[in-house]
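A quick write-up on the structure given underneath.
Number of protein chains: 2
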Amino acid sequence: MLKAERHKFIMTKLLEEQKVVTTDLALALDLSEDTIRRDLNELDDKKLLEKVYGGAIQFIEKSVDVFNINISAEEEKKKIVKKALSLLHDGQVIIMSGGSTNLVFAKLIPSDLKATIYTYSLPIAMQLSQHPNIDLIFIGGKMQKKAMVTIGMDVMQVLSKIKADICFLGASSISIKQGLTEIGYEVSIVKKAMIESSDRVVSMFSSNKLNTKMPHSVCDLSQLDTIVTELDPEDLSLEEYRKAGVFVL
Amino acid sequence: MLKAERHKFIMTKLLEEQKVVTTDLALALDLSEDTIRRDLNELDDKKLLEKVYGGAIQFIEKSVDVFNINISAEEEKKKIVKKALSLLHDGQVIIMSGGSTNLVFAKLIPSDLKATIYTYSLPIAMQLSQHPNIDLIFIGGKMQKKAMVTIGMDVMQVLSKIKADICFLGASSISIKQGLTEIGYEVSIVKKAMIESSDRVVSMFSSNKLNTKMPHSVCDLSQLDTIVTELDPEDLSLEEYRKAGVFVL
DNA sequence: TTTAAAATTGCGTTATTTTGCATTATTTTA
DNA sequence: TAAAATAATGCAAAATAACGCAATTTTAAA
């Protein structure tokens with residue numbers, strides 16, 4: 002058995018059982034404990050696991066690297082955004098706002114899609130800069146550093162001049178009465194402009210955003226063409242939205 | 002048996018069994034282990050498999066984490082940029098171009114500095130978005146995805162309208178005769194504009210950039226106010242630059 | 001077709017990696 | 001605090017790999 006195989010075996014077992022025990026592995030693989038320890042040390046060095054007394058446990062990342070954007074519930078978000086991939090077509094002009102759901106979406110855009118994407122979000126732009134066939138345009142302006150998006154006059158001006166086929170709009174909060182709402186005034190203004198510049202507006206978010214509201218209005222439901230959540234479109238909690246004329250994907 | 006056939010055989014076996022062992026292959030194909038090793042090395046070079054001690058395993062594409070920017074020789078670069086920190090003062094308006102040396106610089110900007118920074122580089126902006134007291138303005142435009150910077154008319158227009166106290170300009174190549182030069186035409190144009198918009202121009206780079214040149218001119222030495230390398234300012238290889246009137250830090 | 005250059009292959013030699021064991025240190029447990 | 005379990009270290013044997021070289025085959029050019 003090759004060492005590389007062993008490492009794979011160890012990692013698989015670790016994933017299945019959340020931990021591995023040195024003596025068990027030695028027995029299972031018919032090797033000395035020394036060898037297992039050396040393996041665990043190597044994997045630890047590579048930050049693939051964390052060696053502890055008696056074995057190893059799963060690695061938990063704890064770096065505070067700016068560039069290391071932590072997406073909570075990434076798997077659920079993947080489920081959501083995959084539904085929206087069908088809305089993408091070659092030749093489209095697309096506007097993307099920020100937010101972690103949109104970031105997951107950006108990751109999953111097929112590498113053969115040829116389109117033009119405007120964005121004002123640094124992480125989204127970073128992600129899309131890896132895409133081989135996207136024409137990427139960053140909407141410059143003053144940075145709202147916390148959200149890592151641009152805001153202000155310059156942004157508005159660029160948006161006023163473009164016409165996109167579709168806009169993927171991140172959502173902080175959505176409710177039947179208030180529609181889309183935002184916590185920050187400036188971002189709400191910019192999102193308004195994004196909607197104005199797009200033929201079609203799609204918003205993707207987890208169902209826990211449903212029926213919540215924030216201080217600043219972005220638009221009401223009638224201005225949204227499509228919403229996407231992890232729920233089945235027929236789900237009861239979405240019924241009111243469907244009745245309001247929003248297409249639920 | 003042709004080499005190409007052998008390679009196909011190896012790849013097929015690898016696909017079937019998830020691994021191949023050098024000695025087994027040598028036996029099966031009736032060839033020396035040396036030849037098999039050479040085959041495996043070639044296939045490894047082509048990224049068709051991953052050679053390991055004793056054989057080879059399937060190639061797993063390491064998910065290129067966009068957000069994980071690898072800075073080569075980071076320690077050396079830290080040494081360089083620390084010298085330039087003394088050029089920073091509260092209230093300055095600063096332009097920063099891209100490049101890994103500038104990125105290291107951005108990381109080390111003291112957290113109590115109050116200044117306004119314009120940049121056209123995504124990684125630099127990501128880094129500076131963590132800074133509590135910097136007013137950050139991103140210069141938008143079409144993305145040059147490889148360098149993760151914006152280029153084109155929009156960038157030029159923004160630059161034409163601002164006046165900065167100091168510009169930190171990354172350098173691809175520098176020589177006595179040609180001055181600063183760039184590999185890409187568009188970036189060279191933008192850098193020209195950055196220089197125009199700044200009272201003072203500082204360039205930081207490793208000494209291995211000295212006396213090299215690229216196709217597109219940015220400026221000649223007379224337009225640079227200060228250069229910073231890891232070398233002692235009195236170093237002989239910098240003498241010509243000092244004579245040309247550049248301040249060497 | 002002939003000839004020179006380039007690529008391929010195996011062998012001997014040397015270098016590197018892997019592994020288990022003995023020994024010594026460290027951590028855990030009772 | 002002592003005993004037991006686990007780890008680290010140095011070492012040597014075995015396996016594997018790399019290197020230089022020469023013989024052979026293939027390819028390309030004349």
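Sequence order for the protein chains is E and A. Residues 2 to 250 (the working numbering) are what the first sequence spells out, left to right. Residues 2 to 250 (the working numbering) are what the second sequence spells out, left to right. C-beta atoms are modelled at their ideal positions from N, C-alpha and C, and glycine is treated no differently.
Let me check one thing: in DSSP terms, what residues is GLN145(A) bridge-paired to?
For this step, residue 145(A) is matched to residue 144 along the second sequence. BP columns for GLN145(A) point to VAL150(A).
Using a Cβ cut-off of 7 angstroms (strictly closer), state whether TYR119(A) contacts chain E.
Taking the second sequence and counting its residues from 1, one reaches residue 119(A) at position 118. With 7 angstroms as the cut-off, TYR119(A) does not count as an interface residue toward chain E.
Could you say which of ASN209(A), CYS220(A), GLU18(A) and ASP236(A) lies nearest to GLU266(A) if we only look at CA atoms?
Residue 266(A) lies beyond the stretch modelled for chain A, which goes from 2 to 250, so this question has no answer here.
My assumption, with CB atoms under 8 angstroms, is that THR120(E) sits in contact with ILE140(E). Please give the rounded CB distance.
Position 119 of the first sequence, counting from 1, holds the residue named residue 120(E). Position 139 of the first sequence, counting from 1, holds the residue named residue 140(E). About 7 angstroms separates the two Cβ atoms, so the contact holds.
Members of the region 125-143 of chain E that neighbour chain A once the beta carbon cut-off is set at 9 angstroms
Within the region 125-143 of chain E, the residues whose Cβ lies closer than 9 angstroms to some Cβ of chain A are ALA126, MET127, GLN128, LEU129, SER130, GLN131, HIS132, PRO133, ILE135, ASP136, LEU137, ILE138, PHE139, ILE140, GLY141, GLY142 and LYS143, listed in chain order.
Taking the alpha carbon of VAL94(E) as the reference point, which residue from LYS146(E), ALA165(E), GLN19(E) and ASP35(E) has its own alpha carbon closest?
For this step, residue 94(E) is matched to residue 93 along the first sequence. Nearest option by C-alpha distance: ALA165(E).
Within this structure, are the beta carbons of LEU250(A) and VAL229(A) separated by less than 7 angstroms?
Position 249 of the second sequence, counting from 1, holds the residue named residue 250(A). Position 228 of the second sequence, counting from 1, holds the residue named residue 229(A). Yes, the Cβ-Cβ distance between LEU250(A) and VAL229(A) is below 7 angstroms.
Whether GLY185(A) touches LEU222(A) by CB criterion (7 angstroms):
Counted from its first residue, the second sequence places residue 185(A) at position 184. Counted from its first residue, the second sequence places residue 222(A) at position 221. Against a cut-off of 7 angstroms, the Cβ pair of LEU222(A) and GLY185(A) comes out as no contact.
Report the rounded CA-to-CA distance for GLU197(E) versus ILE163(E), giving the unit in angstroms.
As a working note, residue 197(E) is residue 196 in the first sequence. As a working note, residue 163(E) is residue 162 in the first sequence. Going by the C-alpha atoms only, they are around 10 angstroms apart.
Report yes if the CB atom of MET97(A) is closer than 7 angstroms to the CB atom of ILE72(A), and no otherwise.
Taking the second sequence and counting its residues from 1, the one referred to as residue 97(A) is at position 96. Taking the second sequence and counting its residues from 1, the one referred to as residue 72(A) is at position 71. The Cβ atoms of MET97(A) and ILE72(A) lie no closer than 7 angstroms to each other.
Nearest to HIS132(E) (by Cα), restricted to the options ILE110(E), LEU123(E), LYS147(E) and GLY142(E)
Residue numbering aside, residue 132(E) sits at position 131 when the first sequence is read from its first letter. Shortest Cα-Cα distance from HIS132(E) to any of ILE110(E), LEU123(E), LYS147(E) and GLY142(E) involves ILE110(E).
At the 7 angstroms Cβ level, is THR213(E) part of the contact set with chain A, yes or no?
The sequence position of residue 213(E) within the first sequence is 212, counting from 1. No, because no Cβ of chain A sits closer than 7 angstroms to the Cβ of THR213(E).
Among MET2(E), SER174(E) and ASP40(E), which one has its Cα closest to the Cα of THR24(A)?
Position 23 of the second sequence, counting from 1, holds the residue named residue 24(A). Among MET2(E), SER174(E) and ASP40(E), the Cα nearest to that of THR24(A) is on MET2(E).
Show which residues of chain A have a CB atom less than 9 angstroms away from the CB atom of THR151(E).
In the first sequence, counting from the first residue as 1, residue 151(E) sits at position 150. Under the 9 angstroms cutoff, chain A gives ILE138, PHE139 and GLY141.
Establish whether the CB of ALA5(E) and some CB of chain A are separated by less than 7 angstroms.
Here the question's residue 5(E) lines up with position 4 in the first sequence. Under the Cβ distance rule, ALA5(E) counts among the residues neighbouring chain A, one pair being separated by less than 7 angstroms.
Please list the segments of the alpha helix (DSSP H) lying wholly inside the region 166-190 of chain A, counting only runs of 4 or more residues, in order along the chain.
At a cut-off of 4 residues, not a single continuous stretch assigned as alpha helix (DSSP H) sits fully inside the region 166-190 of chain A.
Within 10 angstroms of its Cβ, does SER64(E) collect 16 or more other Cβ (buried), or is it exposed?
Position 63 of the first sequence, counted from the start, is the residue given in the question as residue 64(E). Confidence at SER64(E) is low in this model, with a pLDDT of 48, below 50, so the placement of that residue should be treated as unreliable; the coordinate-derived value is given next. Exposed, because fewer than 16 other Cβ atoms sit within 10 Å of the Cβ of SER64(E).
Run the CB neighbour count on ILE11(A), radius 10 Å, all protein chains shown included, and call it buried at 16 or more, exposed below.
Locating residue 11(A) in the second sequence gives position 10, where the first residue counts as 1. Burial call: buried.
For a test of the three-state rule: what should DSSP assign to SER64(E), helix, strand or coil?
Reading the first sequence from its first residue, position 63 is the one you call residue 64(E). Note that SER64(E) scores a pLDDT of 48, beneath 50, so its modelled location is shaky and nothing firm can be said.
Determine the chain E residues that contact VAL53(A) at a beta-carbon separation under 9 angstroms, and present them in chain order.
Taking the first residue of the second sequence as 1, we reach residue 53(A) at position 52. At a C-beta separation below 9 angstroms, VAL53(A) has these neighbours in chain E: LEU3, LYS4, ALA5 and GLU6.
Using a Cβ cut-off of 7 angstroms, which residues of the region 72-88 of chain A contact any Cβ in chain E, in chain order?
Taken residue by residue, none of the region 72-88 of chain A has a beta-carbon sitting less than 7 angstroms from a beta-carbon on chain E.
How long is the line joining the alpha carbons of MET149(A) and VAL202(A), rounded to whole angstroms?
Taking the second sequence and counting its residues from 1, one reaches residue 149(A) at position 148. Taking the second sequence and counting its residues from 1, one reaches residue 202(A) at position 201. Roughly 22 angstroms between the two C-alpha positions.
Would you list the one or two residues that DSSP bridges to PHE139(A)?
As a working note, residue 139(A) is residue 138 in the second sequence. As DSSP reads the structure, PHE139(A) sits in a beta bridge with GLY142(E) and THR120(A).
For GLY55(E), is the beta carbon positioned less than 6 angstroms from some heavy atom of the ligand GDP?
Within the structure as shown, the ligand GDP is missing, as the structure has no ligands at all.
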